[in-house]
Amino acid sequence: MKRLAISLTFFLVLALIIGYMVSGPSFMDWSVAGGLFAVAVAGEGFRYWLRRTRAKKRSSV
Numbered sequence: 003m004k005r006l007a008i009s010l011t012f013f014l015v016l017a018l019i020i021g022y023m024v025s026g027p028s029f030m031d032w033s034v035a036g037g038l039f040a041v042a043v044a045g046e047g048f049r050y051w052l053r054r055t056r057a058k059k060r061s062s063v
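According to this note's numbering, the sequence shown is numbered sequentially starting from 3.
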């Protein structure tokens, strides 16, 4: 669980930086930052699901 929190925190900061760089200094582009963070959350969820299904296959054999 600690790895998940560190990973999502890293991607959140990265998404905020990219959202700021895309929009410029006048305002934050929340749609870009939110979209990038959503992709990161989906990727972490897929990684968790993949690891869990592999563990189930290994234990059932």
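Virtual Cβ for every residue (Gly too), placed ideally from N, Cα, C.
Excluding sequence positions up to five before and after Trp51, its CB lies less than 6 Å from no other CB in the same chain. Secondary structure of Gly45 (DSSP, three-state): helix. Under the three-state reduction of DSSP output, Met23 falls in the helix class.
By the C-beta density criterion, Ala40 is exposed, having fewer than 16 other C-beta atoms within 10 angstroms. It is roughly 18 Å from the alpha-carbon of Ile19 to the alpha-carbon of Ala7.
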